[in-house]
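**Q** Handing you a structure now.
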Amino acid sequence: MNNSNIDEIIKGCKKNDRNCQKLLFELFSKKMMGVCLRYCYNYETARDMVQDGFVKVYTKINDFKGDSAVQTWMTRIFINTCLSHINKLENKSIHLDINDLNVQYTTENSIGNEEVVENSIKNLPVTAVLEYINQLPEKYKIVLNMYSIDGYSHQQIAEALDIQIGSSKSRLSRARQLLIDLIKEKEN
Amino acid sequence: MDNLLRDTFSSFEGEIPMSDWFAIEEKLNNKKRFAWIWWAALPLLLVAGLSIYSLLIKKDSNTFTKKITVQKEKTTYDLIVKKDATNDKIVSQSFNSTNNIKTKTVTSFAKNNIYKLNKDSKIEITEANTAITNNPFESIYLISKSLGNIWKLSLPIVEKIKELELPKPNNKKPSRFSYEFGINVSPAMGIDAIKQNKNNWINHNYFSSIANSASFGSGFNNGVHGQVNIGKHWYIRQGIYSTTYSVNNDFNYTITDFPNVIVGRGITGYNPLNPSDYLHIQKISKASIKYISIPLLAGNRTYINKKWGIESKVGVNVSKLWCASGQTVNPTYLNLEDINSNNSIKKWNSSLSISTGVFIKTNNNLIFTVEPNFSTLLSSARVKDYPVKTRYYNYGLNVNLNYSIGGSKK
Chain E
1 MNNSNIDEII KGCKKNDRNC QKLLFELFSK KMMGVCLRYC YNYETARDMV
51 QDGFVKVYTK INDFKGDSAV QTWMTRIFIN TCLSHINKLE NKSIHLDIND
101 LNVQYTTENS IGNEEVVENS IKNLPVTAVL EYINQLPEKY KIVLNMYSID
151 GYSHQQIAEA LDIQIGSSKS RLSRARQLLI DLIKEKEN
Chain A
1 MDNLLRDTFS SFEGEIPMSD WFAIEEKLNN KKRFAWIWWA ALPLLLVAGL
51 SIYSLLIKKD SNTFTKKITV QKEKTTYDLI VKKDATNDKI VSQSFNSTNN
101 IKTKTVTSFA KNNIYKLNKD SKIEITEANT AITNNPFESI YLISKSLGNI
151 WKLSLPIVEK IKELELPKPN NKKPSRFSYE FGINVSPAMG IDAIKQNKNN
201 WINHNYFSSI ANSASFGSGF NNGVHGQVNI GKHWYIRQGI YSTTYSVNND
251 FNYTITDFPN VIVGRGITGY NPLNPSDYLH IQKISKASIK YISIPLLAGN
301 RTYINKKWGI ESKVGVNVSK LWCASGQTVN PTYLNLEDIN SNNSIKKWNS
351 SLSISTGVFI KTNNNLIFTV EPNFSTLLSS ARVKDYPVKT RYYNYGLNVN
401 LNYSIGGSKK
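Going down the list, the protein sequences come from chains E and A.
Residue 122 in the numbering used here sits at position 122 of the first sequence, and the numbers go up by one each step.
Residue 398 in the numbering used here sits at position 398 of the second sequence, and the numbers go up by one each step.
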């Protein structure tokens with residue numbers, strides 16, 4: 001599908017045209033499901049986030065001025081939807097205190113050969129890498145997703161999560177170490 | 001590692017069933033379905049907002065500013081004593097707590113150009129008088145009922161020197177009612193809307209054709225009324241009005257469907273018309289119906305500030321036919337007939353009116369209101385069982401001038 005077609009679909013969505021909304025869903029739903037799967041711990045929650053995210057996209061489509069690619073704009077909306085959901089869960093204290101989960105990880109072997117790990121990642125299927133990322137404590141997983149995969153800056157992460165820039169940096173560093181440890185442990 | 005992860009997930013997609021689209025569609029429909037609630041809530045929010053605003057103003061008007069600011073550099077010194085401070089007195093004699101205080105009222109001081117009480121009850125003390133030339137504030141006292149104390153003004157210090165013995169409060173509750181009378185003039189545009197009789201005595205296609213032949217006219221309403229205000233905001237109004245509906249008929253119609261009247265239910269003795277005689281008809285006429293009305297209205301005034309606000313009212317008029325003249329088109333018989341032929345106009349009718357607009361209250365107890373108004377006869381003007389009914393609508397402007405004649409507001 002070329003850009004002019006997408007522009008037509010966006011125009012239709014701005015007019016609340018249900019067919020165009022459906023086309024937009026068909027075009028981007030799998031991609032956005034991929035985004036939500038990275039931020040959520042299970043498939044069902046990710047599906048819910050995709051539904052909520054698309055409702056937000058249709059509601060806010062008039063704010064989309066075309067300054068960026070529509071996929072980039074939508075990805076931000078879906079990430080924000082996932083973050084709001086996670087934030088709500090944290091407020092309700094449904095999750096365990098994520099610091100408690102740290103005990104199962106050690107950093108003793110983290111100064112290993114990163115190249116070995118990188119080669120492992122290259123050879124692993126993406127779903128396996130996702131599984132490793134999903135084993136990270138939530139606060140590390142979110143920062144790793146936002147910085148390493150979605151290209152947020154530390155400043156943007158700090159604003160989105162309401163944390164210090166330094167915390168964002170340290171969480172990223174910790175996330176990387178934990179991911180390397182996990183992969184090395186499994187591969188050995 | 002970041003680049004590696006980014007590359008790994010750049011084309012990552014997740015499977016999602018198409019049924020999720022229907023869930024999204026349902027959510028969108030629900031949003032749309034309940035969007036009207038927000039629109040419906042707007043007038044309520046407006047009224048609530050205005051009410052809260054007016055309450056705040058009311059509260060503010062009863063709150064006295066107890067801060068007295070005196071600045072030596074100024075030649076005018078303001079003692080801000082708001083509403084209900086008219087009983088406050090300024091005394092110029094030396095104060096001795098053992099003696100009675102000899103007081104002079106504000107007005108007597110005003111003669112000497114020392115003091116004046118301006119309209120919004122702000123007491124201005126102006127330093128410029130031969131009577132008190134040296135150290136003019138040394139022996140000036142403000143006995144303020146609203147401030148509840150006796151204050152000594154002695155530049156640059158303002159100090160409280162004695163609690164004021166206030167007179168016993170008057171326990172008699174002020175009346176909640178006040179009264180107004182006024183006149184009303186309401187010019188209006190009117191239409192003579194025709195409706196199919198609910199018993200379907202005439203074929204629908206024909207009725208649909210003539211339904212758009214509604215005539216254009218005007219209305220005029222004027223009279224006098226009395227009003228009882230209950231509290232500050234609500235009132236009931238009753239009066240006697242003259243209401244006129246004038247209608248210009250221009251029945252210009254090319255026959256495509258012919259009236260097919262069901263004889264024997266609403267109409268007897270109807271002879272079917274010959275279509276070839278009525279291929280095109282044009283009937284022009286004027287008619288006027290005049291009623292004497294007794295309106296009973298309930299209204300609300302919401303104050304935006306002390307002077308003006310929003311006025312809304314709704315009510316019914318019981319109307320007695322005064323006279324009807326002129327001709328009108330009978331769409332069943334396709335002819336002109338006297339509007340009042342065979343006493344066809346109802347002797348009694350009732351109408352509904354709704355209006356909302358702005359009012360302005362002047363200092364001399366006059367209240368002037370301008371408000372768009374909608375009114376309609378609640379039933380057909382015709383008494384006959386015509387297959388086609390006639391009902392009058394008016395869209396106009398109410399102009400009211402009321403005079404407050406007493407009660408609590410006075």
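Cβ coordinates follow ideal geometry from the N, Cα and C atoms, glycine included.
Give the residues of chain E in contact with TRP21/A, contact being defined as C-beta atoms less than 7 Å apart.
**A** LYS22 and PHE25
**Q** Does the beta-carbon of THR369/A have 16 or more other beta-carbons within 10 angstroms, so that it is buried, or is it exposed?
**A** buried
**Q** Identify the continuous alpha helix (DSSP H) that holds GLU13/A and give its terminal residues.
**A** Neither: GLU13/A is in no alpha helix (DSSP H) and is coded neither H nor E.
**Q** Taking the beta carbon of PRO272/A as the centre, do at least 16 other beta carbons fall within 10 Å, making it buried, or is it exposed?
**A** Burial call: exposed.
**Q** Assuming contact is defined by CB atoms lying nearer than 9 Å, are ILE6/E and VAL70/E in contact in what I supplied?
**A** yes
**Q** Once DSSP output is grouped into helix, strand and coil, what is the label at GLN164/E?
**A** coil
**Q** If we ignore side chains and look at the alpha-carbon of each, how far apart do GLU180/A and ARG237/A end up?
**A** For GLU180/A and ARG237/A, the distance between alpha carbons rounds to 9 Å.
**Q** Can you name the residues of chain E whose CB is closer than 8 Å to the CB of ARG6/A?
**A** SER148, ILE149 and GLY151
**Q** Which whole-angstrom value describes the C-beta separation of LEU378/A and SER351/A, a residue pair presumed to lie in contact below a C-beta threshold of 8 Å?
**A** 6 Å
**Q** So, under 8 Å CB-CB, GLU311/A and PHE374/A are touching, yes? Tell me the CB distance rounded to an integer number of Å.
**A** Incorrect: roughly 15 Å between the Cβ atoms, too far for contact.
**Q** Could you confirm whether any beta carbon from chain A is found closer than 9 Å to the beta carbon of MET33/E?
**A** yes
**Q** What residue range does the beta strand (DSSP E) around LEU352/A cover?
**A** 348-361
**Q** Against LEU37/E, what residues of chain A qualify as contacts under a CB-to-CB distance less than 7 Å, listed in chain order?
**A** GLY14
**Q** Could you check what DSSP says for ARG176/A in three-state terms: helix, strand or coil?
**A** coil
**Q** Can you pull the chain A residues whose beta carbon is under 9 Å from the beta carbon of ARG176/E, in chain order?
**A** MET1 and ASP2
**Q** Taking only the alpha-carbon atoms, compute the straight-line gap between GLU90/E and SER19/A and give it to the nearest angstrom.
**A** 29 Å
**Q** Quick check on the DSSP output: the beta strand (DSSP E) that includes SER344/A runs from which residue to which?
**A** Element bounds for SER344/A: n/a, residue is neither H nor E.
**Q** Enumerate in chain order the residues of its own chain whose CB-to-CB distance from LEU297/A is below 6 Å, with the five nearest sequence positions on each side excluded.
**A** ARG237, LYS313 and GLY315
**Q** Near TYR43/E, what residues of its chain come up, given a Cβ to Cβ distance below 8 Å and the 5 sequence neighbours on each side ignored?
**A** Within the same chain, LEU37 come within 8 Å of TYR43/E by CB-CB distance, once the 5 residues on both sides are set aside.
**Q** Report the partner residues of HIS154/E according to the DSSP bridge assignment.
**A** Per DSSP, none; premise fails for HIS154/E.
**Q** At least one CB of chain E closer than 9 Å to the CB of ILE24/A: is that the case?
**A** yes
**Q** Would a check of beta-carbon distances place LYS361/A closer than 9 Å to chain E?
**A** no
**Q** Using a Cβ-Cβ cut-off of less than 9 Å, give me the residues of the region 51-66 of chain E that come near chain A, in sequence order.
**A** For the region 51-66 of chain E, which is checked against every Cβ of chain A, the residues closer than 9 Å are GLN51, ASP52, PHE54, VAL55, TYR58 and THR59.
**Q** Which of helix, strand or coil does DSSP assign to MET74/E?
**A** helix
**Q** Out of TYR392/A, ASN349/A, ASP7/A and SER404/A, point me to the one whose CA is closest to SER319/A's CA.
**A** Distance from the Cα of SER319/A is smallest, within the candidate group TYR392/A, ASN349/A, ASP7/A and SER404/A, for ASN349/A.
**Q** Find out if the Cβ-Cβ distance for the pair GLN155/E, ILE165/E is shorter than 9 Å.
**A** Yes, the Cβ-Cβ distance between GLN155/E and ILE165/E is below 9 Å.
**Q** Output yes if chain E places a C-beta closer than 9 Å to the C-beta of LYS31/A; else output no.
**A** yes
**Q** Roughly how many angstroms lie between the CA atoms of ASP97/E and GLY49/A, to the nearest whole one?
**A** Any reading at ASP97/E must be qualified, since the residue scores a pLDDT of 39, below 50, and its modelled position is unreliable; the value itself is stated next. Rounded to the nearest angstrom, the two C-alpha atoms are 44 Å apart.
**Q** Taking a contact to mean a Cβ-Cβ separation below 9 Å, would you say LYS346/A touches LEU321/A in this structure?
**A** yes
**Q** Span of the alpha helix (DSSP H) holding THR332/A?
**A** It is not in any alpha helix (DSSP H) - THR332/A carries neither H nor E in the DSSP assignment.
**Q** LEU273/A versus chain E: which residues are under 8 Å apart at the beta carbon?
**A** Within chain E, no residue comes near LEU273/A; the closest Cβ sits about 50 Å away, beyond 8 Å.
**Q** Looking only at its own chain, which residues have a Cβ that is under 8 Å from the Cβ of LYS11/E, when we skip the five neighbours before and after it?
**A** CYS20
**Q** With 9 Å set as the bound, which would you pick, yes or no: does the beta-carbon of LEU144/E sit closer than that to a beta-carbon of chain A?
**A** yes
**Q** Should the region 49-60 of chain E be called in touch with the region 12-28 of chain A, which here means at least 3 C-beta pairs below 8 Å?
**A** A contact exists between the region 49-60 of chain E and the region 12-28 of chain A.
**Q** In this structure, does DSSP put ILE183/A in helix, strand or coil?
**A** Strand at ILE183/A.
**Q** Between the Cα of LEU366/A and those of ASP338/A, ASP277/A and ILE405/A, spot the shortest distance and give me the residue it belongs to.
**A** ILE405/A
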